[in-house]
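Reviewing the structure listed below.
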Amino acid sequence: MPTEEEIRDVLAGRLPKRGCPACGGTAWDIQPDMFMSSLYSPDLRKIDTGRGAPMVAAVCTNCGFFLNYGAIRLGLVDPDARDE
C-alpha cells in the first residue's frame, strides 16, 4: 500500500494545468487514501463486488470535482497483488 506522500508525489505531475474541468479552479486536494471502483459485469447483469479497480483521487478545492486515477497504471499498486 503506497504512503500518502507517494500518492501525492505521483499525482503532483498529473494534475491538469488548465484547471478543474468543472469550474476552472486550480487548487487540488490530493486524497491520502485509495479506494476501489466496483466493476459492472454484463454477464451477471450486476455490479461484481469481488472485482474492482484501485483508484487515487484529487479533489478541486473550489467545487469538489473529483479526478480519479488508476493506481495500477500509476505504478502505485502491483496488478498481481491480491488480498489473501
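Residues 29 to 112 in the numbering used here are what the sequence shown lists, from first letter to last. Where is the CB? At the ideal position from N, CA and C, for every residue including glycine.
Per DSSP, the continuous alpha helix (DSSP H) segment holding VAL38 begins and ends at 32-40. With respect to the C-alpha of CYS88, the residue from LEU67, ASP76, GLU32, TRP56 having the closest C-alpha is TRP56. Under the three-state reduction of DSSP, ALA109 is assigned to coil, being neither helix nor strand. Between the alpha carbons of PRO70 and GLY78 lies a distance of about 14 Å. DSSP places THR77 in the uninterrupted beta strand (DSSP E) bounded by 74-88. Excluding five sequence positions before and after ALA85, the CB atoms of its chain that fall closer than 8 Å to its own CB belong to ILE58, GLN59, PHE63, PHE94, LEU95, ASN96, TYR97, given in chain order.
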